[in-house]
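S.K.: Position 305 of the sequence shown, counting from 1, maps to 304 under numbering that gives the first Met the number 0, and the rest follow consecutively.
For glycine and all other residues, C-beta sits at the position ideal for the given N, C-alpha and C.
Before anything else, here's the structure in question.
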Amino acid sequence: MIKKYKISDEFAISERIVLYQGDCLDLLKSIPGESMQLIVTSPPYNIGKEYEKKLNLQTYLEQQAAIIRESVRTLSPFGSICWQVGNFVDKGSIIPLDTVLYPIFTDLGLKMRNRIIWHFEHGLHCSKRFSGRYETIIWFTKSNNYVFHLDPVRVPQKYPGKKHFRGPKAGKYSCNPLGKNPGDIWAIPNVKSNHVEKTEHPCQFPVELIERFVLSMTNEGDWVFDPFLGAGTAIVAALRHQRKGVGAETLAKYVDIARDRIEKEMAGYLRTRPMNKPIYDPKAAGNSLTGTPWTKPQTTPQMALFDKK
Ligand SMILES: C[S@@+](CC[C@H](N)C(=O)[O-])C[C@H]1O[C@@H](n2cnc3c(N)ncnc32)[C@H](O)[C@@H]1O
């Protein structure tokens, strides 16, 4: 259980949790320069979701540029900014938003550290192109001297028992016992109907995705900021690891959901999918629906190499 803190509706550096209802540009005006250690967000993708008005791409990019510019002003010199996006779709033709947002960040002098592919299994089924099963997170820092901790986010090794077989280290384990670098392709289930974290919000972050950023890019007591907070995931992940959290959300119904989740998190009963939990494999789990009913079972199964007649 996390200590119970007040949820403030206005930003002050002395607070721990700020849940601002309104436009992120208004919240940004109250955030001092260089005070945020991690800015992590998923903006509207301009695809006509219920919380956005579809704009032409140029107007959308201008709006994003204004928010990115102001966000970068609040970013610590040792901090990171991570923008999670998918595709803008224009009459069936896709424009990967990270490619058109990239110059906005680099023109502000930021340095790109990774373009992370977030792979998931669930989403729209396309009929005229392959269904989209990844989105990207573009990670930039303000300087070369940025906070980055690999150890808390290492993942299990593929062959933990592997040893050096020659040289001075022969016989010793060759891998890092803390696990391996998670790499830049992250397979993390997205929050769809059966996900334990699902709320009414149509596209919330899974908490484990943001925990990875919080643990690797911040220290305890640092601020984590999400300008497009939605269901409050970034604040939940921040609090879980003793960081402070601030976010803006325009729609009251999502602010209510965010408040509820933050309160549950502090009370210790927000249900989330644990970090590094293996992805559900229906076949391995023995799910009876994984066989194809329209394929006849083989009557004379093929013999394996050492089978006897
Ligand atoms: C893609 S969702 C983000 C979901 C979030 N990552 C989560 O975990 O729930 C974008 C959110 O930004 C909100 N939004 C759109 N324009 C905004 C603005 N100018 N300021 C603040 N929030 C905004 C939308 O209502 C929507 O909930």
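Hey, is the stretch 98 to 117 in contact with the stretch 167 to 178, meaning 3+ C-beta pairs nearer than 8 Å?
M.R.: no
S.K.: Helix, strand or coil: how does DSSP classify Thr271 here?
M.R.: coil
S.K.: Would you kindly work out how many angstroms separate the C-alpha atoms of Gln57 and Phe87, rounded to a whole number?
M.R.: Roughly 12 Å between the two C-alpha positions.
S.K.: Of the residues Arg128, Lys179, Phe104, Gly78, which one's Cα is nearest the Cα of Gly32?
M.R.: Among Arg128, Lys179, Phe104, Gly78, the Cα nearest to that of Gly32 is on Gly78.
S.K.: Regarding Thr291 and ligand 1, is the C-beta to nearest heavy atom distance less than 8 Å?
M.R.: No, the Cβ of Thr291 stays beyond 8 Å of every heavy atom of ligand 1.
S.K.: Around the C-beta of Glu9, are 16 or more other C-beta atoms found within 10 angstroms, so that it is buried, or is it exposed?
M.R.: exposed
S.K.: Quick one: Cα of Gln203 to Cα of Leu54, how far?
M.R.: 22 Å
S.K.: Short of 7 Å in beta carbon distance, which residues of its chain neighbour Glu134, apart from the five on each side in sequence? Order them along the chain.
M.R.: Gln83, Val84, Gly85, Trp117
S.K.: Taking only beta-carbon atoms, is His194 less than 9 Å away from chain D?
M.R.: As a matter of chain content, chain D is missing from the structure shown, which is built from one protein chain.
S.K.: Ile38 to Lys127, Cα distance in whole Å?
M.R.: Near 36 Å, if we compare the C-alpha coordinates of Lys127 and Ile38.
S.K.: Report the rounded CA-to-CA distance for Tyr4 versus Gln156, giving the unit in angstroms.
M.R.: 38 Å
S.K.: Keeping to the same chain, check which residues put their C-beta closer than 6 Å to that of Glu14; ignore five residues upstream and five downstream.
M.R.: Ser7
S.K.: Is Thr249 near ligand 1, judged by its Cβ being under 8 Å from some heavy atom?
M.R.: yes
S.K.: Please go through the stretch 220 to 293 and give each complete alpha helix (DSSP H) segment of 4 or more residues, from N-terminal end onward.
M.R.: 232 to 239, 251 to 266
S.K.: Cβ of Leu238 within 8 Å of any heavy atom in ligand 1?
M.R.: no
S.K.: Taking Cys23 as part of the alpha helix (DSSP H), name the residues at either end of that continuous run.
M.R.: From DSSP, the alpha helix (DSSP H) with Cys23 extends over 23 to 28.
S.K.: Here's a check: name, in chain order, each residue in its chain whose Cβ is nearer than 6 Å to the Cβ of Asp392, leaving out the five neighbours to either side.
M.R.: Nothing about residue 392 can be read from this structure; the chain reaches only from 0 to 308.
S.K.: Does the beta carbon of His200 fall short of 8 Å from some heavy atom of ligand 1?
M.R.: yes
S.K.: How is Gln156 classed by DSSP in three states: helix, strand or coil?
M.R.: Note: Gln156 maps to coil in three-state DSSP.
S.K.: Is Gln57 near ligand 1, judged by its Cβ being under 8 Å from some heavy atom?
M.R.: no
S.K.: So, helix, strand or coil for Asp183, using DSSP?
M.R.: coil
S.K.: Are there 16 or more other CB atoms within 10 angstroms of the CB of Tyr129, so buried, or fewer, so exposed?
M.R.: It should be pointed out that residue 129 corresponds to Phe in this sequence rather than to Tyr. Looking at its Cβ environment, which holds fewer than 16 other Cβ atoms inside 10 Å, Phe129 is exposed.
S.K.: Could you check the C-alpha separation between Asp255 and Gly160 for me, to the nearest Å?
M.R.: 48 Å
S.K.: Candidates Pro201, Ala251, Lys48, Gly21: which alpha carbon is nearest Asn189's?
M.R.: For Asn189, the closest C-alpha among the options Pro201, Ala251, Lys48, Gly21 is that of Pro201.
S.K.: Less than 7 Å between C-beta atoms, sequence neighbours within five positions excluded: which residues of the same chain meet that for Lys179?
M.R.: Arg153, Val154, Gln156
S.K.: Tell me whether Gly231, by its Cβ, gets closer than 8 Å to a heavy atom of ligand 1.
M.R.: yes
S.K.: Cys202 bridges to which residues according to DSSP?
M.R.: Its beta-bridge partners do not exist; DSSP assigns none.
S.K.: If you compare alpha carbons, which of Lys2, Gln62, Ser70, Pro43 is closest to Leu312?
M.R.: With the chain covering only 0 through 308, there is no way to say anything about residue 312.
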